[in-house]
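Some notes on the structure that comes next.
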Amino acid sequence: MRKLVLSGFLASEEIYINQLEALLLPMKPLKATATTSQPVLTLQQIETIFYKIQDIYEIHKEFYDSLCPKVQQWDSNVTMGHLFQKLVCAFPGRWVAADASSLPTALLYKPIDRVTRSTLVLHDLLKHTPADHPDYPLLQDALRISQNFLSSINEDIDPRRTAVTTPKGETRQLVKDGFLVELSEGSRKLRHVFLFTDVLLCAKLKKTAVGKHQQYDCKWYVPLADLVFPSPEESEHCPQVHVIPDHELEDMKMKISAIKSEVQKEKANKGQSRAIERLKKKMFENEFWLLLNSPAIPFRIHNRNGKSYLFLLSSDYERSEWREAIQKLQKKDLQAFVLSSVELQVLTGSCFKLRTVHNIPVTSNKDDDESPGLYGFLHVIVHSAKGFKQSANLYCTLEVDSFGYFVSKAKTRVFRDTTEPQWNEEFEIELEGSQSLRILCYEKCYDKTKLNKDNNEIVDKIMGKGQIQLDPQAVQTKNWHMDVIEMNGIKVEFSMKFTSRDMSLKRTPSKKQTGVFGVKISVVTKRERSKVPYIVRQCIEEVEKRGIEEVGIYRISGVATDIQALKAVFDANNKDILVMLSDMDINAIAGTLKLYFRELPEPLLTDRLYPAFMEGIALSDPAAKENCMMHLLRSLPDPNLITFLFLLEHLKRVAEKEPINKMSLHNLATVFGPTLLRPSEGESKGHLTLASDIWSHDVMAQVQVLLYYLQHPPISFTELKRNTLYFSTDV
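Position one of the sequence shown corresponds to residue 1 (full-length UniProt numbering), numbered consecutively onward.
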C-alpha cells in the first residue's frame, strides 16, 4: 500500500514538473526583452505572472529525483519521511512572500493545491506505516508542518473566513457537518447540514454545469439561540413518519449486491470501462435510494419563532451526536439574530470550502483500494463499565454498519441499581461489509409516561457512546482482542474476535454421536423416533410461549454462555431441560435454535441442492420459479423437509406479531436464510478468490430463497409428496 500511494503521487508530481517546465520556457525570452528598448512585459509584470516559478520547480524537481529511485527499487524498510520534511519545510520561507495576500489568488492556487495533495498523501502513508517503522515519526512531523502551513494560508489569504463573524463579533467556526435525510413536504430529501458556533444551516448542492465551481443553496437556518428540541409529549402533534417496508429495503440490497458482483466480474475479465461506469452509475442510484429510504429514527428541531424541521436518522448514535453538539454550543451566551441576504450568501458560500464531509456516504463513492469491510461473524464480550456518578439501571447496545448505515445487533441485560455494571455477556454479530462497531450505554427508564410518540417505545437515556474501526488485520486473529472504549467519562471494557465467512462455513461433525449438535438430522430423528428433532420443537414451543412479542426476537443475540449451557444440556439429554428452558432468557433460547441449525454437518436445505436453489430463485418467470422451488423441496430428505416446514410455520407466526416484535418476514429471512442454506466447503472455495461483494450477493440470494417460502401460501408435506409423481426427474 505504501508503494502504491507513493507511485500515484510520483506520477502526479511528474505532470506538475512538466507544467512548471512549460511555464519556464516563455519566461526566459520575456525576461531577456524586459531590459531592451521594446519590452513585451516589464520586469515587475514578469515577477507577478511567473511568481516564484523557478523556486517551486527546483523544490519539486529535487524531491522527485530523490524519491523516484526509492520507489523503483522498493524496499519495505525504506525511509522517505525526510524527503517530505524537506519538501514541506521549503514552502513557508521560500515562496509565500510577506505581500502574498496582495497577489491574485489564482496564481497561488496550484502550489497550494500541491501542498494539499502532499498532506493527503502523508495521511495515507501514515495509515499504512507501522508505528514502530523508522519512517513513522518523520512522516508525522512532515504532516504536522504541512497542516500548520495550510492553516496559516487559510487564515492569512482567505477573506471569506475572516468575513464570517457572529453577531457578537467573534469568528464563526464550523463545528460539525454531514449528510442527513430531511422529511420536507412529505418527501425525503438528502441535505448537507452545517453546525456553526451559533447557527444550524441546512443546505443542498446547486446543480451546476460541468466544470463550474459547485455551490450550496441554503434551504433554511436556525440561530442556536432560537433552536429547541421538542419533548416526547410535543412530538405527539407532529406528523407520523412513513417507514419504508423491510422487504423493499432488502430487495434493494439484493440489487446492489448483484450489481457489485457484475462490476467485479467485469474487472476480472478486463471488461470495457464504459460498461463498468454504467454499472457503477446504476449502483450509485440504488445506493442513493437506500440511503434516502432506510433511516427511520426521527430527529426533530424546532425554531422558537414557529417552524419545525424533521430529519430521519438510521441510528440513535447519530441523533445523540447532533443533539449533544448543539446543546454544548447552547451553553454559551448566544444571541438571536437574522442574517441579511448578503450575510447568508457569504455563510452558504463558505460551506463548500469549510465542509469536512465531502462525499455522499455510499460505497460507489469509495476508491477501489479502500477496504470493502468485513464479511463474517464478530464475537463480542461486553465485560463491564466504570465512571458512573450515581447508581442506575444500565445496559449496552451494539451496532455495526451495513450498506452505508448502522443497524442495532445486540443488547445486554439491564444491570440494576449500580455504578459498576458487570455484564460479561458474549454476542455473535453477523457482518455484511462492516467497518465500524459502536457501543451505546443506556440508563433504562421504567416510567410509562415517557413514551416516544413516533415509535411507541419508552425513551431510555443515553449515558455514553463510542465507536471503533474494525481493522481487518487487528480483528482477524483466533485469539480474543481486549479493548476499552471511553465515552463521556465512562469506560466500557469489551473483547472481540472475528471469524471470516469462509471459516464459519467449516462444519465440524460432532465427536459425540449421542448428542444433537453437529449430528446429521436424520440420525437424530431416527434415534428419537421423531419427525422433528426434540431441540427444535422445545425451543420453538418456548419462543411461542413467552418470546413471540419480544422486540427483535431472533435478531437480538442471546448471551453466549447461556447458549453454550443450553447446548450442553441438550447434548447430554439432561432431565432438567424443561426447567432450564423455562428459566432461561428468551434470546438465549432463540440463539440456541439458530446455533443448532448452523452446526448441522450440512445445512438443512443440503449441500447437494444449494446450486439449484441459487438458480431457482433467480428465475424471472413466476410459473417456472414455482415449479422449480416446489420440486426442490420435494427433493429434500424427509426429516429435513418436515423440520423445514415446521420451522417455516413458526416463523410465519412470529411475523404475525410484527407490530409488537418488529420482526417482519424479511427480518426473519435475513436471520435464518444464510443459516439454513449455505454453500458446501468445496463450493465456497471457488468463491473465496472473488471479492467479498460476491459473498454478499450469495447471502442476499439465500435470504430470498427463505423469503420465497415464507411468503408462499401454506405448504403441506402430504400435498408436496402427492405431486412427486408428476415430477420424477432429478434436479
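Heads up, the beta-carbon is just placed ideally off N, CA and C, and yes, glycines get one too.
#### Entry: Span separating the alpha-carbon of threonine 162 from that of arginine 188
Because threonine 162 sits at a pLDDT of 39, beneath the cut-off of 50, its placement in the model cannot be relied upon, and the point is left open.
### Query
By the 10 Å Cβ neighbour count, where 16 or more other Cβ atoms means buried, how is alanine 568 classified, buried or exposed?
Alanine 568 comes out exposed.
### Query
Whole-angstrom Cβ separation of isoleucine 485 and aspartate 316, contact assumed at under 8 Å?
The beta carbons of isoleucine 485 and aspartate 316 sit about 16 Å from each other, so the pair does not count as a contact at 8 Å.
### Query
Going by Cα to Cα distance, which pick from Pro245, Lys282, Ser66 is closest to serine 261?
Shortest Cα-Cα distance from serine 261 to any of Pro245, Lys282, Ser66 involves Lys282.
### Delimiting residues of the beta strand (DSSP E) encompassing methionine 487
From DSSP, the beta strand (DSSP E) with methionine 487 extends over 481 to 487.
### Task
Return the CA-CA distance between alanine 296 and glutamate 185, expressed in angstroms with no decimal places.
Rounded to the nearest angstrom, the gap between the Cα atoms of alanine 296 and glutamate 185 is 16 Å.
### Message
So, under 8 Å CB-CB, leucine 437 and valine 400 are touching, yes? Tell me the CB distance rounded to an integer number of Å.
### Response
Confirmed, Cβ separation roughly 6 Å.
#### Entry: Cβ-based neighbour list, glutamine 54, same chain, cut-off 6 Å, excluding 5 preceding and 5 following
No residues qualify anywhere along the chain.
### Inter-stretch contact (C-beta, 8 Å, three-pair minimum) for the stretch 657 to 672 and the stretch 631 to 639
Short answer: they don't touch.
### Query
Does the beta carbon of leucine 595 fall short of 7 Å from some heavy atom of the ligand MG?
Ligands displayed in this structure: none; no statement on the ligand MG is therefore possible.
#### Entry: Cα-Cα separation between glycine 464 and arginine 323, rounded to whole angstroms
Distance between the alpha carbons of glycine 464 and arginine 323: 13 Å.
### Message
In this structure, how does DSSP classify arginine 191 when only helix, strand and coil are distinguished?
### Response
Strand.
#### Entry: the stretch 602 to 622 contacting the stretch 572 to 584, beta-carbon criterion three pairs below 8 Å
Output reads no: the stretch 572 to 584 does not touch the stretch 602 to 622.
### Query
Taking Cβ to Cβ, would you say aspartate 135 is nearer than 8 Å to threonine 79?
Going by C-beta atoms, aspartate 135 is nearer than 8 Å to threonine 79.
### Query
For tryptophan 95, which three-state DSSP category applies?
Summary for tryptophan 95: the model assigns pLDDT 45, below 50, so the residue's position carries little reliability; its value from the coordinates is reported in the next sentence. Residue state, collapsed to three classes: helix.
### Query
Of all the options Glu541, Leu310, Ser257, which has the alpha carbon lying nearest to the alpha carbon of serine 402?
Between serine 402 and the set Glu541, Leu310, Ser257, the nearest pair of CA atoms involves Ser257.
### Query
Which value, in whole angstroms, describes the spacing of the CA atoms of aspartate 132 and asparagine 424?
So the alpha carbons of these two residues sit roughly 34 Å apart.
### Message
Assuming contact is defined by CB atoms lying nearer than 8 Å, are isoleucine 439 and valine 524 in contact in what I supplied?
### Response
No, the pair does not count as a contact, with Cβ atoms beyond the cut-off.
### Query
Does DSSP classify serine 102 as helix, strand or coil?
Confidence in serine 102 is poor, its pLDDT being 42 and thus under 50, which makes the residue's placement unreliable; the coordinate value appears in the next sentence. It is helical.
### Query
Is the stretch 348 to 359 in contact with the stretch 383 to 395, if contact means three or more CB pairs nearer than 8 Å?
Below 8 Å, too few C-beta pairs join the stretch 348 to 359 and the stretch 383 to 395 to call them touching: fewer than three.
### Query
Alpha carbon to alpha carbon, how far is alanine 560 from alanine 588?
So the two alpha carbons sit approximately 7 Å from each other.
### Message
If you follow the beta strand (DSSP E) that serine 408 is in, where does it begin and where does it stop?
### Response
Element bounds for serine 408: 405 to 411.
### Query
Does the Cβ of alanine 203 have 16 or more other Cβ atoms within 10 Å, making it buried, or fewer, making it exposed?
The residue is buried, with at least 16 neighbouring Cβ atoms inside 10 Å.
### Task
Please list the segments of the alpha helix (DSSP H) lying wholly inside the stretch 233 to 316, counting only runs of 4 or more residues, in order along the chain.
The DSSP assignment places 246 to 268, 273 to 293 as complete runs of the alpha helix (DSSP H) inside the stretch 233 to 316, in order along the chain (cut-off: 4 residues).
### Contacting residues, own chain, Cβ-Cβ under 6 Å from leucine 279 (five flanking each side not counted)
Taken in chain order, the residues that qualify are Ile259, Glu262, Val263.
### C-alpha gap between residue 755 and tryptophan 74, whole angstroms
Missing from the structure shown is residue 755; the chain here goes from 1 to 731 and no further.
### Query
Run through DSSP, which three-state label would proline 674 get?
It is helical.
### Query
To which residues does DSSP link isoleucine 56 through a beta bridge?
For isoleucine 56, which the question treats as bridged, DSSP gives no partner whatsoever.
### Task
Just confirm the distance between the C-beta atoms of leucine 334 and alanine 225, as a whole number of angstroms; I'd bet it's less than 8 Å.
Going by Cβ atoms, the distance from leucine 334 to alanine 225 rounds to 4 Å, so yes, they are a contact pair.
### Task
Could you tell me which residues DSSP puts in a beta bridge with valine 71?
According to DSSP, which records beta bridges pairwise, valine 71 is partnered with nothing at all.
### Message
For leucine 706 and glutamine 467, what's the separation of their Cα atoms in angstroms?
### Response
Each residue's Cα considered, the two are about 33 Å apart.
### Message
Quick check on methionine 482: buried or exposed, where buried means 16 or more other Cβ atoms within 10 Å of its Cβ?
### Response
Counting of Cβ neighbours within 10 angstroms places methionine 482 among the exposed residues, the total staying below 16.
### Task
Please determine, among Tyr610, Glu656, Ile46, the residue with the shortest C-alpha to C-alpha distance to valine 551.
Looking at the Cα atoms, Glu656 is the closest of the given residues.
### Proximity winner among Arg678, Pro714, Phe717, Leu720, relative to alanine 701 (alpha-carbon distances)
Closest option to alanine 701, judged by alpha-carbon separation, among Arg678, Pro714, Phe717, Leu720: Arg678.
### Task
Would you identify the three-state DSSP class for lysine 721, choosing helix, strand or coil?
DSSP places lysine 721 in helix when its eight states are reduced to three.
### Extent of the continuous alpha helix (DSSP H) to which serine 716 belongs
Segment: none, serine 716 is in no alpha helix (DSSP H) and carries neither H nor E.
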